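There are 2 protein chains.
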Amino acid sequence: MNNRTVQKRLVTLQDVAREAGVSKATAARVLGSYGTASPEVKEKVLHAARILGYRPNELARSMTTGRSRTIGVVVGDIENPYFGQAVRGISEVASAAGFDVILANSGEVVGREQAAVQVLLGKRVDGLIITPASMFDIQHLEAVQRSGRPLVLLDRAIPKLKVDSVITDDQAAAAVATRMLIEAGHRRIAYITATASDDPIYRGPQQISLTTVMDRINGFLAASAAAGIKHPEQYIRLGASRQGASGRIIADLLSMPHRPTAILASDNVVGLEVFKVIRNLGMSIPADLSLIAFHDADWTSVTSPPITVISQPVYNLGVESAQILLERITGAVGTPKRLVLATELIERQSVGAPPAPQDDEKKVKSRPAAKAVVG
Amino acid sequence: MNNRTVQKRLVTLQDVAREAGVSKATAARVLGSYGTASPEVKEKVLHAARILGYRPNELARSMTTGRSRTIGVVVGDIENPYFGQAVRGISEVASAAGFDVILANSGEVVGREQAAVQVLLGKRVDGLIITPASMFDIQHLEAVQRSGRPLVLLDRAIPKLKVDSVITDDQAAAAVATRMLIEAGHRRIAYITATASDDPIYRGPQQISLTTVMDRINGFLAASAAAGIKHPEQYIRLGASRQGASGRIIADLLSMPHRPTAILASDNVVGLEVFKVIRNLGMSIPADLSLIAFHDADWTSVTSPPITVISQPVYNLGVESAQILLERITGAVGTPKRLVLATELIERQSVGAPPAPQDDEKKVKSRPAAKAVVG
DNA sequence: ATGCTATTTGAGACCGGTCTCATTTGTCAA
DNA sequence: TTGACAAATGAGACCGGTCTCAAATAGCAT
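Structure representation (structure tokens):
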């Protein structure tokens with residue numbers, strides 16, 4: 000009447016104690032391997048537990064101890080292999096230390112991130128690893144800090160928040176990639192990011208809510224400026240999320256009077272979109288257009304031509320963040336760490352010289368210029 | 000001394016009650032929105048909860064109610080986008096119903112799967128969705144059933160276990176793909192799977208511990224036999240896991256005196272390996288070798304040539320399994336459902352006629368025969 | 001035998017909720 | 001005014017563990 004579900008009542012410590020003919024406290028000592036107990040009693044309890052199929056109720060245990068041996072992880076998009084790798088890094092470190100992982104997905108939406116944090120906090124996780132969807136909406140993260148639970152940011156930092164974070168050196172990465180394109184002769188380089196925006200045109204830093212994106216844009220702009228390129232920001236485009244908006248953005252970009260001759264794609268999902276659009280437009284890489292993408296995803300080595308990428312140590316991002324979190328959970332104090340991991344440019348074959356000026360018209364069917372194949 | 004960690008004691012119901020000047024029971028009624036309470040009291044409690052920043056302790060709640068509103072998911076490999084998609088399907092259904100998801104990774108190792116199940120059971124999840132690593136080691140799954148918690152198998156069935164399962168029609172899929180290759184003229188077709196095995200050569204069903212693999216092999220063999228192909232099993236290879244074993248397996252296969260002229264790859268990871276090896280050997284697809292892969296992964300549409308694949312409704316696999324699980328959790332009874340979702344063959348350009356017999360020698364640089372481009 | 005310490009064991013409080021039941025207060029009809 | 005009944009509230013048991021503390025038992029020296 001009160002509970003019409005089929006759920007059987009599971010075996011409890013009390014049941015084991017009764018079966019073994021000892022008190023609850025004694026059974027607890029044996030099963031929890033703390034305190035003392037005589038060999039005979041030990042044997043009796045263990046035997047009783049075995050035949051009854053006893054499983055301790057971790058909920059009850061966590062409630063008294065106040066620790067759940069669980070860490071909560073909130074990522075932007077589980078389906079993106081980028082996060083998949085990071086999560087694997089986290090899980091491996093966590094389970095090696097006897098911790099479990101609860102995973103939540105924010106879909107890069109602040110509201111869902113907040114909800115996920117509430118849920119995780121409600122479940123009394125011992126700590127959190129989060130890829131924040133925005134560096135501005137951070138009340139919920141401040142609340143985490145106030146609760147005293149350790150928090151580590153993954154992949155993206157939040158300058159205003161004094162908190163451990165593990166990120167990649169995005170500014171340097173973007174600068175290196177940009178410089179490579181410039182050295183190949185490009186002067187009109189587009190930077191395309193998936194970061195949400197109602198306006199695809201870049202008008203200034205205030206539009207950007209992710210440090211990753213900001214840093215990369217800064218690296219891109221700095222490298223461009225250093226090469227004397229005027230108004231490099233005119234080729235920055237935002238909001239190329241996977242919902243297909245990217246197709247139009249890229250096509251628009253390529254139909255500009257002075258279209259870019261090279262594209263820097265902010266992640267592998269955007270990169271894949273760019274690749275598809277280029278192919279559908281009948282343009283060829285790198286003859287008509289050069290391409291560099293962030294994240295060394297599987298597919299980038301297998302296209303024709305294979306894509307030059309910025310390889311990010313994303314598995315290590317996961318490993319490092321989990322290690323820091325675990326240290327904090329076990330009591331480490333001190334000022335927040337800010338770990339910045341280096342990236343690596345992997346040269347493949349998607350970068351070449353820009354097409355000769357008059358080539359701007361004939362976009363289709365041009366054969367690649369003879370060029371040395373690198374890497 | 001007892002607890003040297005920084006963790007602050009969080010705000011409890013008792014604190015709120017005290018602050019509002021009411022009893023614990025009254026505060027609980029207001030905050031849990033059950034029972035009755037006068038408007039003034041309601042207001043006082045709500046206000047107190049707000050200023051104190053009260054978050055209910057889900058652990059305590061679960062302990063009394065016996066339900067955690069959490070489902071446990073165990074997948075073989077989080078990093079594989081195949082499972083990534085399935086997990087997204089599960090999460091979306093779950094969170095729409097107010098359930099949370101705890102995700103664990105087995106790495107396709109039975110021992111880790113067992114450990115994961117124990118952990119999840121210990122956390123008193125309301126139900127489990129599992130992609131079992133083996134159809135033979137199932138004591139832990141029987142234990143789940145005995146505990147009365149609902150269990151749904153995803154992607155793979157276990158014939159001996161009376162349990163809900165949601166799988167794809169692997170036998171039909173393999174048969175369709177095989178038939179397509181046969182119709183293109185192939186008689187020597189290899190089937191390469193990642194399933195663990197110390198011996199890469201297929202000697203019989205007893206080596207196979209996954210229904211998926213078994214079904215596909217059966218579909219492959221049946222379609223081959225129907226076409227009068229003798230000893231099709233000689234080209235079946237096992238153990239092409241991502242650890243690089245696949246490279247040797249594929250190379251060995253292609254250096255056989257009567258090498259296969261077509262390959263069926265059991266998942267997209269193997270498919271990618273096969274693609275890379277073929278390219279490294281300087282062979283061309285489909286002129287020298289035809290290829291069909293399971294799972295319509297992103298990259299398959301973007302290679303040259305794009306790969307013909309068997310598209311699996313993996314997101315729906317997740318959705319359906321979560322729905323069934325939720326029904327069971329909310330009390331649905333009845334015989335186990337066995338849901339089999341259809342797959343779809345997506346024709347792209349990796350299938351062609353086999354090379355003429357004398358072509359067996361010249362493996363390099365042959366240009367594709369003129370062929371109609373499908374899809 | 002006696003006292004003293006060390007070891008083993010049990011009783012019961014506690015964690016933070018839910019929920020039952022009894023008590024108090026209020027409303028309205030007789 | 002009194003009784004009946006509904007609404008509001010509080011006291012306290014309970015979930016299944018952990019852990020403190022005291023009591024019981026054992027071992028050993030004197």
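Chains A and B, in that order, give the protein sequences. Numbering follows numbering that gives the first Met the number 0, with no gaps: position 318 of the first sequence is 317. Numbering follows numbering that gives the first Met the number 0, with no gaps: position 126 of the second sequence is 125. The beta-carbon is built from N, C-alpha and C at its ideal position, and this holds for glycine as well. Every value quoted in this text rests on a predicted model; they were computed, and no experiment measured them.
Look at residue i and residue j and say whether their C-beta atoms are less than 9 Å apart.
| i | j | result |
| --- | --- | --- |
| residue 340/A | residue 315/A | yes |
| residue 130/A | residue 212/A | no |
| residue 26/A | residue 15/A | yes |
| residue 235/A | residue 191/A | yes |
| residue 338/B | residue 166/B | yes |
| residue 128/A | residue 321/A | yes |
| residue 195/A | residue 245/A | no |
| residue 169/B | residue 342/B | yes |
| residue 64/A | residue 101/A | no |
| residue 120/A | residue 54/B | yes |
| residue 240/A | residue 305/A | no |
| residue 71/B | residue 124/B | yes |
| residue 140/B | residue 150/B | yes |
| residue 298/B | residue 280/B | no |
In whole angstroms, give me the CA-to-CA distance for residue i and residue j.
| i | j | result |
| --- | --- | --- |
| residue 377/A | residue 174/A | Here chain A covers residues 0 to 374 and nothing more, so residue 377/A does not appear. |
| residue 356/A | residue 319/A | 47 Å |
| residue 155/A | residue 215/A | 12 Å |
| residue 160/A | residue 147/A | 14 Å |
| residue 87/A | residue 77/B | 7 Å |
| residue 286/B | residue 217/B | 27 Å |
| residue 232/B | residue 135/B | 23 Å |
| residue 30/B | residue 44/B | 8 Å |
| residue 59/B | residue 10/B | 13 Å |
Give a yes or no on whether the minimum CB-CB distance between residue i and chain A is below 9 Å.
| i | result |
| --- | --- |
| residue 274/B | yes |
| residue 303/B | yes |
| residue 118/B | yes |
| residue 73/B | no |
| residue 67/B | yes |
| residue 336/B | no |
| residue 215/B | no |
Output yes if chain B places a C-beta closer than 9 Å to the C-beta of residue i; else output no.
| i | result |
| --- | --- |
| residue 56/A | yes |
| residue 364/A | A caution first: residue 364/A carries a pLDDT of 41, below 50, which makes its placement in the model unreliable, though a value can still be read off. Cβ-Cβ to chain B under 9 Å: no for residue 364/A. |
| residue 205/A | no |
| residue 229/A | no |
| residue 15/A | no |
| residue 83/A | yes |
| residue 182/A | no |
| residue 28/A | no |
| residue 23/A | no |
| residue 95/A | no |
| residue 171/A | no |
| residue 265/A | no |
| residue 239/A | no |
| residue 31/A | no |
Counting along the chain, where does the beta strand (DSSP E) carrying residue i start and finish?
| i | result |
| --- | --- |
| residue 337/B | 337-340 |
| residue 164/A | 163-167 |
| residue 246/A | Looking at the DSSP string, residue 246/A is not in any beta strand (DSSP E); the run it does join, the alpha helix (DSSP H), is 244-253. |
| residue 307/A | 307-310 |
| residue 72/A | 69-74 |
| residue 345/A | 343-345 |
So which residues on chain B does residue i lean against when the C-beta distance must stay under 9 Å?
| i | result |
| --- | --- |
| residue 100/A | 101, 102, 103 and 104 |
| residue 86/A | 77, 78, 102 and 104 |
| residue 90/A | 77, 102, 103 and 104 |
What span of residues does the alpha helix (DSSP H) with residue i cover, start to end?
| i | result |
| --- | --- |
| residue 96/B | Run containing residue 96/B: none; DSSP gives neither H nor E here. |
| residue 318/B | 313-328 |
| residue 126/B | It is not in any alpha helix (DSSP H) - residue 126/B instead sits in the beta strand (DSSP E) that spans 126-129. |
| residue 116/B | 109-121 |
Who are the neighbours of residue i on chain A, taking C-beta pairs under 8 Å?
| i | result |
| --- | --- |
| residue 161/B | Simply none; closest approach about 14 Å. |
| residue 61/B | 58 |
Given that residue i touches chain B, what residues does it touch there, using C-beta distances under 7 Å?
| i | result |
| --- | --- |
| residue 297/A | 271 and 298 |
Given that residue i touches chain B, what residues does it touch there, using C-beta distances under 8 Å?
| i | result |
| --- | --- |
| residue 49/A | The premise fails here: residue 49/A is roughly 13 Å from chain B at the closest Cβ pair, so nothing lies under 8 Å. |
Run down chain A in chain order and give the residues with a C-beta less than 9 Å from the C-beta of residue i.
| i | result |
| --- | --- |
| residue 317/B | By Cβ distance, chain A contributes nothing, its closest Cβ being about 11 Å from residue 317/B, past 9 Å. |
Which chain A residues are close to residue i, counting only those with a beta carbon under 7 Å from its beta carbon?
| i | result |
| --- | --- |
| residue 43/B | Simply none; closest approach about 23 Å. |
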